Ligand SMILES: NC(=O)c1ccc[n+]([C@@H]2O[C@H](COP(=O)([O-])OP(=O)(O)OC[C@H]3O[C@@H](n4cnc5c(N)ncnc54)[C@H](OP(=O)(O)O)[C@@H]3O)[C@@H](O)[C@H]2O)c1
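Residue numbers (this note's numbering): 21 to 296.
This is the structure:
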């Protein structure tokens with residue numbers, strides 16, 4: 021964006037905010053949105069200690085995942101940061117150790133868009149870890165260019181869904197739930213154009229959740245008493261049990277998606293992880 025465009029955005033914003041009514045209405049709207057976005061469940065009121073337990077958080081070098089991993093580390097868990105970048109992952113590993121005083125936080129490389137990487141990661145976890153108690157499939161991206169990966173998969177579909185589908189099937193057979201973090205101010209807009217990023221950040225500064233707030237629904241799912249034994253459910257950003265979209269409730273479609281996912285990732289239909 022050039023200086024002219026930037027100054028025109030600033031002048032539009034300053035003329036809007038200069039009107040007293042607009043100013044008061046904005047403050048009121050801000051307060052309403054902030055109060056509504058607050059979850060009634062607060063991680064700091066939850067006394068759960070994770071000493072002796074192991075948790076994996078994918079995409080935990082920044083954003084929501086970073087705060088989820090930090091919460092688990094604060095509760096004395098062994099935390100595996102599953103990140104694709106050695107450099108960003110090491111930085112997060114160092115910072116989380118410093119902030120929580122827990123040195124049992126470890127980076128392991130995982131690229132969810134690459135099924136080979138997912139299988140190597142899962143193999144290493146099975147070789148090295150004695151147990152796995154929590155898996156948070158958090159890694160994701162938005163606004164990626166349309167592209168096909170070297171394995172022949174659509175890039176966004178592979179990154180956000182197929183990688184986690186395969187990983188979950190290779191590692192787990194326990195309770196599984198889906199969560200919505202809400203609209204959160206993170207690096208999620210990094211693949212969009214500058215204009216859209218500026219608008220997102222301007223609006224988000226006032227109205228969206230912080231990354232720490234966005235982590236709450238995932239932490240709730242993993243730790244809360246209410247979610248013990250609960251599986252196959254959808255948890256909204258305020259930690260309430262909700263119905264997913266009608267499409268997601270279509271059992272026949274879900275079956276088709278499962279079969280297509282098993283074929284695309286090479287997972288056998290019974291979920292044993294054997295390739296075709
Ligand atoms: N922010 C929102 O408003 C919002 C709303 C709904 C859902 N979500 C979901 O919440 C999750 C966390 O997003 P966020 O807002 O925290 O975004 P973010 O700040 O962009 O963080 C995304 C994380 O995912 C990692 N990642 C991306 N592609 C990956 C890949 N192929 N393999 C491994 N890791 C990968 C990133 O690693 P790098 O740093 O190396 O790229 C980063 O650690 C995502 O699944 C997102 O779709 C977010």
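No residue lacks a Cβ here, since even glycine has one placed at the ideal position from N, Cα and C. Since we're looking at a predicted model, the values are computed, not measured.
Here residue 237 carries a helix assignment [DSSP, helix/strand/coil]. By the CB criterion at 7 Å, residue 100 and residue 144 fall outside the cutoff. Contact between the region 73–86 and the region 194–212 is established, with three or more Cβ pairs separated by less than 8 Å.
The count of Cβ pairs closer than 8 Å, one atom from the region 115–123 and one from the region 166–179, stays below three, leaving the stretches out of contact.
As DSSP reads the structure, residue 262 sits in a beta bridge with 254. 7 Å or more divides the Cβ of residue 198 from the Cβ of residue 87. Counted as a single uninterrupted DSSP element, the stretch harbouring residue 168 is not any alpha helix (DSSP H), since DSSP gives it neither H nor E.
Runs of the beta strand (DSSP E) lying entirely within the region 106–192, each at least 3 residues long, are 125–129 and 154–156 in chain order. Not one heavy atom of ligand 1 falls within 6 Å of the beta-carbon of residue 174.
Per the Cβ contact rule, the region 185–201 is not in contact with the region 210–224 (fewer than 3 Cβ pairs under 8 Å).
Per DSSP, the continuous alpha helix (DSSP H) segment holding residue 214 begins and ends at 214–227. Where residue 100 is concerned, there is no enclosing alpha helix (DSSP H), although the beta strand (DSSP E) around it starts and stops at 98–103. Around the beta carbon of residue 189, 16 or more other beta carbons sit within 10 angstroms, so the residue counts as buried. Taking all protein chains shown into account, residue 179 has 16 or more neighbouring C-beta atoms within 10 Å of its C-beta and is therefore buried. As computed with DSSP, residue 198 is found in a beta bridge with 254.
When the Cα atoms are used, residue 227 and residue 50 turn out to be separated by approximately 6 Å.
Under the criterion of beta carbons closer than 8 Å, residue 153 and residue 78 do not qualify as touching, at roughly 15 Å.
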